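Undergrad: Protein chains in written order, with the numbering used here: chain A, 48 to 388; chain B, 38 to 315.
Questions regarding the structure given below will be posed in turn.
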Amino acid sequence: MPTPTPTQTTADSKPSDSPDPDEVIRTEKLTKVYPGDIRAVDELDLVVRRGEIFGLLGPNGAGKTTTAGMLTTRVLPTGGRAFVGGVDVVAHPARARRVIGVVPQTNTLDRSLTVRDNLFFHGRFFGMSSKVSRHEADRLLEQFRLTDRADVSVLALSGGMAQRLMVARAVMHRPAILFLDEPTAGLDPQSRIALWEVLGELHAEGQTILLTTHYMEEADELCHRLAIIDHGRILAIGPPQELKDSVGADTIITLSATRRPDGSVRDLDPLAQILRDRLPGVRSVAGADGGLRINILGADGLLPAVVGLAEEVGVLLSDLRLEEPSLETVFLEMTGKELRD
Amino acid sequence: MATETVSPSTGPTPIARPSAVGAFVALLQRDLHVLLRNLKEFIPRTVLQPLLLVFVFTYVFPKIGQSVGGTGGAEDFSTVLVAGVVGLAIFFQGIQAVALPLVQEFGYTREIEDRVLAPLPVEWVAIEKITSGAVQCLIAGLIVFPIAYLVPATPVNLQFNWIVLLTLAPIAAYTCSALGLFFGTVFNPRTLPVLFGVLVVPLTFLGCTYYSWQSLSAIPWLQKLVLLNPLVYVSEGFRAALTTTPHMSLWAVYGALIGAGVLFTVIALRLFRRRVIS
Numbered sequence: 048m049p050t051p052t053p054t055q056t057t058a059d060s061k062p063s064d065s066p067d068p069d070e071v072i073r074t075e076k077l078t079k080v081y082p083g084d085i086r087a088v089d090e091l092d093l094v095v096r097r098g099e100i101f102g103l104l105g106p107n108g109a110g111k112t113t114t115a116g117m118l119t120t121r122v123l124p125t126g127g128r129a130f131v132g133g134v135d136v137v138a139h140p141a142r143a144r145r146v147i148g149v150v151p152q153t154n155t156l157d158r159s160l161t162v163r164d165n166l167f168f169h170g171r172f173f174g175m176s177s178k179v180s181r182h183e184a185d186r187l188l189e190q191f192r193l194t195d196r197a198d199v200s201v202l203a204l205s206g207g208m209a210q211r212l213m214v215a216r217a218v219m220h221r222p223a224i225l226f227l228d229e230p231t232a233g234l235d236p237q238s239r240i241a242l243w244e245v246l247g248e249l250h251a252e253g254q255t256i257l258l259t260t261h262y263m264e265e266a267d268e269l270c271h272r273l274a275i276i277d278h279g280r281i282l283a284i285g286p287p288q289e290l291k292d293s294v295g296a297d298t299i300i301t302l303s304a305t306r307r308p309d310g311s312v313r314d315l316d317p318l319a320q321i322l323r324d325r326l327p328g329v330r331s332v333a334g335a336d337g338g339l340r341i342n343i344l345g346a347d348g349l350l351p352a353v354v355g356l357a358e359e360v361g362v363l364l365s366d367l368r369l370e371e372p373s374l375e376t377v378f379l380e381m382t383g384k385e386l387r388d
Numbered sequence: 038m039a040t041e042t043v044s045p046s047t048g049p050t051p052i053a054r055p056s057a058v059g060a061f062v063a064l065l066q067r068d069l070h071v072l073l074r075n076l077k078e079f080i081p082r083t084v085l086q087p088l089l090l091v092f093v094f095t096y097v098f099p100k101i102g103q104s105v106g107g108t109g110g111a112e113d114f115s116t117v118l119v120a121g122v123v124g125l126a127i128f129f130q131g132i133q134a135v136a137l138p139l140v141q142e143f144g145y146t147r148e149i150e151d152r153v154l155a156p157l158p159v160e161w162v163a164i165e166k167i168t169s170g171a172v173q174c175l176i177a178g179l180i181v182f183p184i185a186y187l188v189p190a191t192p193v194n195l196q197f198n199w200i201v202l203l204t205l206a207p208i209a210a211y212t213c214s215a216l217g218l219f220f221g222t223v224f225n226p227r228t229l230p231v232l233f234g235v236l237v238v239p240l241t242f243l244g245c246t247y248y249s250w251q252s253l254s255a256i257p258w259l260q261k262l263v264l265l266n267p268l269v270y271v272s273e274g275f276r277a278a279l280t281t282t283p284h285m286s287l288w289a290v291y292g293a294l295i296g297a298g299v300l301f302t303v304i305a306l307r308l309f310r311r312r313v314i315s
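Right under this line is the structure:
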């Protein structure tokens, strides 16, 4: 459906006051400092282009929700600027709300209304005539497989259905950008996959989507581009594959060793040294969780080699794993901590 | 500023014309829809308390010969009470229709988070709540009035002052609704019992509902103290509008109600904004 006009990639030369129409979101040094000098978001520069699914990935408390809050006019920035659909969210919040659709973390459906009326009145709030709003509500109920629930109270919906209804409501007024804040947190696996499908369909219709998540599988599965953020700053930005490639390894080995008979932890430095010196393709060896993490590029037959080298220095391995780099690895490399702390 | 490029990126033709005024009207429409849907809850919650009040004081008491209403006797008391009951119904509706739902929306349902995403300034969302609450206050006053007139065992002497009634009723409804918004933004589910126990109960007992303000001249300190209570002006205003009972100066009634309405609106709007925008 969307036919983006081919544009020259001259966005850099444009003054920021006349935004590229393909830029659905632009932030410039966007900052939020809460009382007590808590820098939730720290000089964030971000561009989201039309038609992409963009992810903000980071642990809880990284500043994802605050960023989404500022872009959706619910949190006032303390510095910098932000535009959605070309509208300055601080100067014209009411106008900005016309071009955004929001699916928040918590269920904010109107408990006093039926499923259908939640959509009907949303359409009315956004300037649809009663007739159009009724028609659009029915169309969305169909699209989101909620038609058989149309006339029940929203209190009677399951978590997954309530979530679908919130997505339907958020896209009803055809927003330029759909925000989803931790959309699958608290959903069962089946509902999660169903929601991913829904988002895939919306994307196919041309919907631009920004989602925040701390599930790397979700970010990997859905997003065309990602910003990995921590402590309110972007650590890395790019397509998931590119980020994973940036680790500079195609294989990650993690190992842990048995303790000595007296229960003390073995010194793994000699093992680390011998791995650095003699394991083929080794890029780096680092301590991790009482064991070692080894990044390797372009080598085969690694596991026997690792076991052999461990034996040479007299270390007995209790666990040995080999995997491809994931977004988790990327985060670990950049922050030294796990995403799901 | 190039801020005119606000047309949604998808969708072949514009199917909506969003505007702040349109959103405001639609919010009112939603509230009216919910009110009509919930009439079977609205009517009992509005009617029952005044009905019992009128029934006990002006039907049961005269019938069992218990004295009430001082030297004037039962007949005068029924007349004094009619204004108080209407005022009380309006006052309570401000709490029930505005404050309580808002405390819920802020504390538990978080519905307010979606409401403030509608394409209008957040202050308008708050003003819409006052407006819709004021309409419900008026309806409450209207359905309670026949009770205060018909239930008493002794005759109620009514004399309408239409000009006062038609101007005072909307002002009183607005002020009570704005007070409801103020309470709704200040209290949370945990502190809600305080609202009732520490504020609403004294306000209603000392709101010149069961007696006229003039009659308090026997207790000068109390007569001055109750001037802080907005319900006093509502009751006294309706006394002037509905009966020939002595009442407070209308200047004071209108002045205080308008002043309180403006004050509550300004404070409540500020608190409301602070709670929805961080």
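For each residue, glycine too, the CB sits at the ideal point set by N, CA and C.
Since we're looking at a predicted model, the values are computed, not measured.
1. Whose C-beta lies closer than 6 Å to the C-beta of Ala-210(B) among residues of the same chain, with five residues either side of it excluded?
2. Quick one: does Gly-221(B) have its CB under 7 Å from some CB of chain A?
3. What does a CB cutoff of less than 8 Å around Asn-225(B) pick up in its chain, not counting 5 residues either side in sequence?
4. To the nearest angstrom, how far is the alpha carbon of Asp-151(B) from that of Leu-308(B)?
5. For Val-193(B), does the three-state DSSP call read helix, strand or coil?
6. Helix or strand or just coil, what does DSSP make of Val-71(A)?
7. Using a Cβ-Cβ cutoff of 9 Å, what residues of the segment 247 to 260 of chain A are near chain B? List them in chain order.
8. When Cβ atoms are compared, which residues of the segment 109 to 127 of chain A fall closer than 8 Å to chain B?
9. Leu-60(B) lies in the alpha helix (DSSP H); which residues open and close that run?
10. For Glu-385(A), count neighbouring C-beta atoms within 10 Å of its own C-beta (all shown protein chains included) and say buried if the count is 16 or more, exposed if not.
11. May I ask you to list, following chain order, the residues of the segment 58 to 80 of chain B that have a beta carbon less than 8 Å from some beta carbon of chain A?
12. I want to verify the contact list: residues of chain A whose CB lies under 7 Å from the CB of Glu-148(B), in sequence order.
13. Should Leu-314(B) be flagged as near chain A, meaning a C-beta pair shorter than 7 Å?
14. Cα separation between Phe-168(A) and Ser-177(A)?
15. So, is the C-beta of Val-149(A) closer than 7 Å to a C-beta in chain B?
16. Is Arg-312(B) helix, strand or coil when you go by DSSP?
17. What is the DSSP secondary structure of Leu-264(B), counted as helix, strand or coil?
18. Can you give me the C-alpha to C-alpha distance between Ala-190(B) and Ser-115(B), rounded to a whole angstrom?
19. Let me know the secondary structure DSSP gives Ser-252(B) once reduced to three states.
20. Ignoring anything shorter than 4 residues, give me the alpha helix (DSSP H) runs that lie fully in the segment 127 to 172 of chain B, in order along the chain.
21. Just to make sure I have the definition right: I need the residues of chain A whose C-beta is within less than 8 Å of the C-beta of Leu-154(B). Which are they?
22. If you draw a straight line from the alpha carbon of Gly-110(A) to that of Ala-352(A), how long is it in whole angstroms?
23. Please identify the residue among Arg-147(B), Ala-177(B), Phe-219(B) and Phe-61(B) whose C-alpha is closest to the C-alpha of Gln-86(B).
24. On the three-state DSSP scale, how would you describe Asp-336(A)?
25. Which residue wins for smallest C-alpha separation from Phe-182(B), given the options Val-84(B), Pro-99(B), Lys-261(B) and Leu-253(B)?
26. Just by C-beta distance, which residues in the segment 78 to 106 of chain A are closer than 7 Å to chain E?
27. So which residues on chain A does Leu-137(B) lean against when the C-beta distance must stay under 8 Å?
28. When the Cα atoms are used, what is the spatial distance from Leu-349(A) to Ala-283(A)?
29. Alpha carbon to alpha carbon, what distance is there between Arg-67(B) and Asp-198(A)?
30. I think Ala-251(A) touches Gly-102(A), with their Cβ atoms under 8 Å apart; what is that distance to the nearest whole Å?
31. Any chance the CB of Trp-243(A) is under 6 Å from a heavy atom of the ligand FMN?
32. Going by DSSP, what residue range makes up the beta strand (DSSP E) through Glu-370(A)?
33. Take the Cβ of Ala-297(B) as the centre, count every other Cβ of all protein chains shown within 10 Å, and call the residue buried at 16 or more, exposed below.
34. Where does the unbroken beta strand (DSSP E) through Asp-309(A) begin, and where does it stop?
35. On the DSSP bridge assignment, give the partners of Phe-130(A) in chain order.
36. I'd like the span of the beta strand (DSSP E) that includes Gly-102(A), first residue to last.
TA: To lay it out plainly:
1. Closer than 6 Å at Cβ, skipping near neighbours: Ile-127, Ala-171, Cys-174 and Leu-175.
2. So no, Gly-221(B) is outside the interface.
3. Excluding sequence neighbours, Asn-225(B) sits near Val-140, Phe-143 and Gly-144.
4. Roughly 18 Å separates the two Cα atoms.
5. Val-193(B) falls in the coil class under three-state DSSP.
6. Assignment of Val-71(A) by DSSP, reduced to helix, strand and coil, places it in the strand class.
7. Listed by position along the chain: Glu-252, Gly-253, Gln-254 and Thr-255.
8. Cβ contacts with chain B: Gly-116, Thr-119, Thr-120, Arg-121, Val-122 and Leu-123.
9. Note that residue 60(B) is Ala in the sequence shown here, rather than Leu. From DSSP, the alpha helix (DSSP H) with Ala-60(B) extends over 57 to 74.
10. Glu-385(A) should be labelled exposed.
11. Hits within the stretch, in order: Gly-59, Ala-60, Ala-63, Leu-64, Gln-66, Arg-67, His-70, Val-71, Arg-74 and Asn-75.
12. The contacting residues are Thr-155, Asp-157 and Arg-158.
13. Residue 314(B) is actually Ile in this sequence, not Leu. Judged by the 7 Å Cβ criterion, Ile-314(B) is in contact with chain A.
14. The straight-line gap from Cα to Cα measures roughly 9 Å.
15. Chain B, which has a Cβ nearer than 7 Å to the Cβ of Val-149(A), makes this yes.
16. Per DSSP, reduced to three states, the secondary structure at Arg-312(B) is helical.
17. Residue state, collapsed to three classes: helix.
18. Ala-190(B) and Ser-115(B) have their C-alpha atoms some 9 Å from each other.
19. DSSP, reduced to helix, strand and coil, places Ser-252(B) within a helical segment of the structure shown.
20. Runs of the alpha helix (DSSP H) inside the segment 127 to 172 of chain B: 137 to 141 and 148 to 152.
21. Simply Thr-119, Thr-120, Arg-121, Arg-144, Ile-147 and Val-149.
22. Rounded to the nearest angstrom, the two C-alpha atoms are 42 Å apart.
23. The shortest C-alpha separation from Gln-86(B) is found at Ala-177(B).
24. Secondary structure of Asp-336(A) (DSSP, three-state): coil.
25. Check the Cα spacing between Phe-182(B) and each of Val-84(B), Pro-99(B), Lys-261(B) and Leu-253(B): the tightest is with Val-84(B).
26. Protein chains A and B are contained in the structure displayed, whereas chain E is not.
27. Chain A residues near Leu-137(B): none, gap ~13 Å exceeds 8 Å.
28. Taking the straight line from one Cα to the other gives about 29 Å.
29. Roughly 16 Å between the two C-alpha positions.
30. Going by Cβ atoms, the distance from Ala-251(A) to Gly-102(A) rounds to 18 Å, so no, they are not a contact pair.
31. Of ligands this structure carries none, so the ligand FMN is not represented either.
32. Where Glu-370(A) is concerned, the enclosing beta strand (DSSP E) stretches over 364 to 370.
33. Its Cβ being crowded by 16 or more others within 10 Å, Ala-297(B) is buried.
34. Here Asp-309(A) belongs to no beta strand (DSSP E), and DSSP marks it neither H nor E.
35. Looking at the DSSP output, Phe-130(A) sits in a beta bridge with Arg-73(A) and Asp-135(A).
36. It spans 100 to 104 - the beta strand (DSSP E) in which Gly-102(A) sits, taken as one unbroken run.
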